[in-house]
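Written out below as structure tokens is the structure these notes cover.
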Amino acid sequence: MSYQLIALDLDGTLLNEKKQISDRNKSAILKAREQGKQVVIATGRPLAGIRHMLEELEMTSENDFVIAFNGALVQNVKTGEAILKSHVTHEDYAELYRLSLVLDVHIQALTESYVTTPVYNPYTEIEASLNGIKLDVCPVHEVPKFETLIKVMMVDAPEKLDRVLHQLPDWVKEKYTIVRSAPIFLEFLHPSVNKGVGVAAVADLKKINRENVICVGDADNDMAMVTYAGLGVAMGNAIEALKDAANHITDTNERDGVAQVIENYMIA
153 MSYQLIALDL DGTLLNEKKQ ISDRNKSAIL KAREQGKQVV IATGRPLAGI RHMLEELEMT
213 SENDFVIAFN GALVQNVKTG EAILKSHVTH EDYAELYRLS LVLDVHIQAL TESYVTTPVY
273 NPYTEIEASL NGIKLDVCPV HEVPKFETLI KVMMVDAPEK LDRVLHQLPD WVKEKYTIVR
333 SAPIFLEFLH PSVNKGVGVA AVADLKKINR ENVICVGDAD NDMAMVTYAG LGVAMGNAIE
393 ALKDAANHIT DTNERDGVAQ VIENYMIA
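Residue numbers (this note's numbering): 153 to 420.
Here is the structure:
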């Protein structure tokens, strides 16, 4: 099989535990690109939060795309033009905020450029710091209506979010795409959104069949793209459900699992 496109999750996949791209992973990606392969980052982060990594990988041309916000926004890296964009409403944020009060967890919402929360908390601080974006503390009903909200997140200690997952009402599960992107992050997105849809949008634009696509991830929010791909790959450190769904299991993010996939399946 000739694989033409590879979509890579960041945290727990391409990045090691120090949040760095290893020399071997970088070398494999650069070689794949030299051979005409399309390499796409698919992440829960905003474009602003990963631009420095894209520059490190030399993925900043008009031919480069990024799948941000877990598929809610697919953008041309150079121009910023969106080829796919979905969002939640301010009313969605308000109703999820009311639910968060009942469930006793913190909540936040992300625009394309900053994160807002009604009550300062260390989890939203982590989000802002991780992505290099502004943190705005603002009552939910005072968030400007002109701001587009890409996603809403319940953020708290892992054990609290474990409990919340079992307590979410059915109407919430039916209304939103819900993904656990990290132990402290539970995301609520437009129901049409997931990383698989984002990868498909780039593949369609590039006229690449899904059989010629590889997707690599480690977490719940990678499930849709791993099951979409012709070759779905779970990291050695992935959650068990993703390993069960994948066609192949590579090594861990600490042992250059991404590079091993590229070397074995994409480059000569």
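From the three backbone atoms N, C-alpha and C, an ideal C-beta is built for every residue, glycine too.
Beta-carbon contacts of residue i that lie in its chain and below 8 angstroms, excluding the five residues immediately before and after
i: residue 178; result: 208 and 209
i: residue 301; result: 239, 240, 241, 242, 244, 245, 261, 262, 263 and 295
i: residue 407; result: 388
i: residue 289; result: 268, 269, 270, 271 and 272
i: residue 316; result: 255, 257, 306, 308 and 338
Local conformation of residue i per DSSP, three classes
i: residue 360; result: coil
i: residue 175; result: helix
i: residue 249; result: helix
i: residue 170; result: coil
i: residue 295; result: coil
i: residue 276; result: helix
i: residue 235; result: strand
i: residue 181; result: helix
i: residue 244; result: helix
i: residue 379; result: helix
i: residue 255; result: helix
i: residue 199; result: helix
i: residue 154; result: coil
i: residue 186; result: helix
i: residue 406; result: helix
Burial state of residue i, where buried means 16 or more other Cβ atoms lie within 10 Å
i: residue 272; result: exposed
i: residue 413; result: buried
i: residue 367; result: buried
i: residue 284; result: exposed
i: residue 298; result: exposed
i: residue 402; result: buried
i: residue 252; result: buried
Residue span of the alpha helix (DSSP H) that contains residue i, given as start and end
i: residue 325; result: 322 to 327
i: residue 387; result: Residue 387 -> no alpha helix (DSSP H), and no H or E assigned at all.
i: residue 208; result: 203 to 208
i: residue 415; result: 409 to 417
The beta strand (DSSP E) enclosing residue i, as first and last residue numbers
i: residue 228; result: 225 to 228
i: residue 258; result: 258 to 262
i: residue 396; result: First-last for residue 396: 392 to 397, but that is the alpha helix (DSSP H), not the beta strand (DSSP E).
i: residue 319; result: No beta strand (DSSP E) holds residue 319; the alpha helix (DSSP H) holding it covers 310 to 319.
i: residue 369; result: 365 to 369
i: residue 345; result: Careful: residue 345 lies outside any beta strand (DSSP E) and carries neither H nor E.
i: residue 271; result: Looking at the DSSP string, residue 271 is not in any beta strand (DSSP E), and its letter there is neither H nor E.
i: residue 193; result: 190 to 194
i: residue 217; result: 217 to 220
i: residue 420; result: Note, residue 420: premise wrong, no beta strand (DSSP E); not H, not E.
i: residue 288; result: 286 to 289
Same chain, Cβ closer than 7 angstroms to residue i, five either side skipped, listed in chain order
i: residue 118; result: The question about residue 118 has no answer, for the chain in this structure spans 153 to 420.
i: residue 346; result: 222, 223, 329 and 376
i: residue 165; result: 368, 369, 370, 387, 405 and 410
Cutoff 8 angstroms: residue i Cβ touching any chain B Cβ
i: residue 360; result: Among the protein chains of the structure shown there is no chain B, as only one such chain exists.
Inter-residue CB distance, residue i and residue j (contact presumed, cutoff 8 angstroms)
i: residue 313; j: residue 278; result: Actually they are not in contact, since the Cβ atoms of residue 313 and residue 278 sit about 14 angstroms apart, beyond 8 angstroms.
i: residue 257; j: residue 308; result: 4 angstroms
i: residue 333; j: residue 373; result: 5 angstroms
i: residue 259; j: residue 304; result: 7 angstroms
Residues near residue i in its chain [Cβ-Cβ closer than 6 angstroms; skip 5 each side]
i: residue 155; result: 364, 366, 417 and 418
i: residue 349; result: 223
Residue i: CB within 7 angstroms of a non-hydrogen atom of the ligand PLP
i: residue 379; result: In the structure on display, the ligand PLP does not appear, and there are no ligands present to speak of.
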